[in-house]
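Residue numbers (mature numbering (1 follows the signal peptide of the UniProt record, and there is no 0)): -25 to -1, 1 to 154. Just so you know, even glycine gets a beta-carbon here, dropped at the ideal spot from N, CA and C.
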Amino acid sequence: MSYRLPRFTLAAALAAALPIASAFAHGPTPHKADETVTIARPPAEVWKAVADFDALAKWNPAVKSSVASNGNAPGSERTVVLAAGGELIDSLDTYDAAAMSYGYRLYQENVEAFPVSYYTAELSVKPADGGSEVLWSARYYRGDTHNDPPENLNDAAAQKAIHDLFRAGLDNLKRTLEK
């Protein structure tokens, strides 16, 4: 005599196991950063300071040097040498001078220097009361995408790295342009 489980019992057992299986399958969550600064200067003047994809080192003290392979053309690769050491390579996705914005992504990571495994970012300048607003935003993943990353590659480390890089640039841009 063979014994068969009733369909309801089998379905209930599978349904009960599903949350456990999905908990073990979970990976990193993408994070979002939005940093802004208001600058008491016209948008065209602010855009002129940030417009060149390879000019990051000119206005961000967290960057020692930045060189782009093909200027502001989409596909251009920018080698960014961080002031604290280490190098990243970004790739320009979009560039719209009329809209005063560009978007780029991390092309080659260096999690030892910058604990982020991947990001897409956009920098834009918009008119604001009394001047301009610069918005620097990103979606990113922590440096180690496994379930239990070490402290130096976890969500908090990635958030701090993005925040510190963006704030250093935006705060210095404001200081420099409002002199």
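Compare the C-alpha of Val42 against each of Ala136, Ser92 and Ala32 and name the closest. Relative to the Cα of Val42, the nearest Cα in the group Ala136, Ser92 and Ala32 belongs to Ala32.
Outcome for Gly46 when other beta-carbon atoms lying within 10 angstroms are tallied against a minimum of 16: With fewer than 16 other Cβ atoms within 10 Å, it is exposed.
Rounded to whole angstroms, what's the CA-CA distance from Val38 to Val55? Just pull it up for me. Rounded to whole angstroms, the separation of the alpha carbons of Val55 and Val38 is 7 Å.
Please give the ranges of any beta strand (DSSP E) in the region 49 to 108, keeping only runs that are unbroken, at least 3 residues long and fully inside the region. Secondary structure remark: continuous beta strand (DSSP E) runs of at least 3 residues inside the region 49 to 108, in chain order: 52 to 57, 62 to 71, 76 to 83 and 91 to 103.
So, for Pro125: in the same chain, excluding its five sequence neighbours on each side, which residues have a beta-carbon less than 7 Å away from its beta-carbon? Closer than 7 Å at the Cβ level, and outside the excluded window around Pro125, lie Asp119.
Output the boundary residues of the beta strand (DSSP E) element that contains His6. Looking at the DSSP string, the run of the beta strand (DSSP E) that includes His6 is His6 to Ile14.
Counted within 10 angstroms of its Cβ, other Cβ atoms place Lys149 as buried (16 or more) or exposed: The residue in question, Lys149, is buried, as its Cβ has 16 or more Cβ neighbours within 10 Å.
Given this structure, state the Cα-to-Cα distance separating Pro102 from Ala73, to the nearest angstrom. Across the structure, Pro102 and Ala73 are spaced so that their CA atoms are roughly 13 Å apart.
Could you say which of Pro90, Trp111, Thr95 and Lys154 lies nearest to Ala143 if we only look at CA atoms? Checking every option, the nearest Cα to that of Ala143 belongs to Trp111.
Could you tell me which residues DSSP puts in a beta bridge with Ser41? Paired residues: Val55.
Just to confirm before moving on: does the CB-CB distance between Ser92 and Ile14 stay below 9 Å? No; because the gap between Cβ atoms is not below 9 Å, this pair is not in contact.
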